[in-house]
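Residue numbers (the numbering used here): 5 to 323. Beta carbons: idealized from backbone N, C-alpha and C, even for Gly. In this text, all values refer to a predicted model and were calculated from it rather than measured experimentally. Note sheet for the following structure.
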Amino acid sequence: MLRTQSILNTDCDAGSGKSVFQDPTRRFYPTRVIKTSDNQMLVVGQTIVYPNYLISRGLIMKTDQEGNPAWINMVGRADNPSYHYINYWDVVEITDGFIAFGTTENHSNYNHDLILTKISPAGTVIWHRIFKSKYWTNDHGSPDYFGAPKLIYDASENSVYLSAMNWEKGRNITKFSTGNGDIAWSRAYSMWDVGFDYNMGIVFGDTELYSFGFMLGDYVKQLAAYRINKANGNLIASKFYEVDAPVRERIVIWGQHSASRLANGNFLVGGTNADYAGTNTNDYYRAGLFEFDATLNLVKGTAIRSAVGGNANNINGFE
């Protein structure tokens with residue numbers, strides 16, 4: 005599904021962030037914040053030199069809980085200083101640092117390729133890896149069209165998994181080594197008439213992983229659950245549940261997302277609704293929660309409505 009590109013050539017700025025934040029020409033756009041094991045905050049995203057928004061760097065920053073920076077690393081491309089582009093979307097803490105994932109510009113074809121970066125606990129960039137999707141190879145493709153991306157760390161095997169939706173190509177899951185960023189395997193999972201398969205999260209077992217999503221096509225609107233072999237990505241089992249009318253026309257789960265395992269061994273997954281096909285009234289469903297048993301049978305589901313009408317996404321934060 006993903007294949008390796010050349011290693012990124014970078015120049016990095018690290019150290020105290022005070023002078024950086026005082027620069028009036030620079031704008032910061034955080035996309036993900038996590039709490040670290042030492043009760044600090046790690047922020048990833050993008051920093052842009054205003055007014056030239058094409059000159060951007062990836063932002064990786066650690067602060068205390070009051071926002072005082074411990075270190076800042078702005079990762080930029082050195083091969084073409086007139087057109088920098090890195091934007092980190094997600095980050096996870098691993099045993100020996102952090103792994104961040106995002107988008108970078110491919111100057112040969114202007115494709116937005118995937119970047120994976122490993123950072124030490126002190127903020128030093130250890131390595132970068134660049135990957136390209138076989139589905140999208142020109143003009144802002146590959147991770148630029150990964151919807152609802154989620155980076156997940158499996159401590160039991162010291163690996164990271166990237167789960168996301170491919171534009172009109174179903175769901176993608178890729179397993180990476182945390183040692184050097186090598187791809188262990190990369191798979192796309194799809195079925196007929198699935199234009200979009202919005203990722204709702206992954207739950208790990210000992211030898212298997214469980215992936216949940218919400219599929220949209222011209223003729224289908226379904227919950228999809230996959231049981232997958234962790235060693236090679238092979239599909240073991242899958243189950244699909246169609247959403248009936250009239251709820252079908254007013255519920256789409258593709259915003260914030262989560263998946264977790266309950267005390268009884270079942271799975272709880274959920275997400276928010278950001279579809280614009282609703283009726284703009286309070287019968288418009290804002291979010292959904294669904295419970296599956298260990299064999300992926302649907303136990304029950306709940307669609308959540310707001311007392312306030314509108315076609316915007318009024319419920320956030322399913323984490």
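Asked                                                                                                       : Found
Range of the contiguous beta strand (DSSP E) that encloses E109                                             : G101 to N110
Buried/exposed call for P153, threshold 16 Cβ in 10 Å                                                       : buried
C-beta neighbour in chain B for D68, strict 8 Å                                                             : Judged by its chain identifiers, the structure shown contains no chain B, having just a single protein chain.
Segment limits, beta strand (DSSP E) that includes D201                                                     : F200 to F208
DSSP three-state assignment for L120, whether helix, strand or coil                                         : strand
Opening and closing residue of the beta strand (DSSP E) in which L46 lies                                   : M45 to V53
Backbone CA spacing between R230 and L300 [nearest angstrom]                                                : Note on identity: in this sequence residue 230 is Tyr, with Arg being the wrong assignment. Roughly 8 Å separates the two Cα atoms.
Start and end residues, beta strand (DSSP E) containing P125                                                : No beta strand (DSSP E) holds P125; DSSP gives it neither H nor E.
Counted within 10 angstroms of its Cβ, other Cβ atoms place E109 as buried (16 or more) or exposed          : buried
Burial state of G19, where buried means 16 or more other Cβ atoms lie within 10 Å                           : Residue placement at G19 is poorly supported in this model, since its pLDDT is 39, which falls under 50; the coordinates are not used for a value here.
T40 classed as buried or exposed, judged by whether at least 16 other C-beta atoms fall within 10 angstroms : exposed
Where N203 falls, given that 16 or more other Cβ within 10 Å makes a residue buried                         : buried
Start-to-end residues for the beta strand (DSSP E) that takes in N170                                       : S163 to N170
Beta-carbon separation (whole angstroms), I187 vs E212, contact threshold 8 Å                               : In fact, because the Cβ distance is near 19 Å, the residues do not count as touching under 8 Å.
Integer-rounded CB distance, given that L118 should sit under 8 Å from F135                                 : 4 Å
Cβ shell of S264 (< 6 Å), same chain only, five flanking positions each side left out                       : L272
DSSP-derived helix/strand/coil call for N368                                                                : With the chain represented from 5 up to 323, any question about residue 368 goes unanswered, as that position is not in the structure.
Between the CA atoms of I206 and S190 - distance to the nearest angstrom                                    : 15 Å
Reference R30; option with closest CA among A241, G62, L302 and G237                                        : G62
C-alpha gap between F200 and Y214, whole angstroms                                                          : 19 Å
Cβ neighbours of E295 in the same chain (closer than 6 Å, five flanking residues each side left out)        : N270, L272, V303 and K304
Distance CB(M65)-CB(I52) smaller than 8 Å                                                                   : no
As assigned by DSSP and simplified to three states, the class of T306                                       : strand
Cβ separation of V164 and I103, assumed to be a contact under 8 Å, to the nearest whole Å                   : 5 Å
For S137 and H116, the rounded distance between their alpha carbons                                         : 10 Å
Residues near G127 by beta carbon distance below 8 Å, same chain, minus five either side                    : A18, I64, K66, A74, W75, I76 and N77
Per-residue burial, V37 [other beta carbons within 10 Å of its own, 16 or more giving buried]               : exposed
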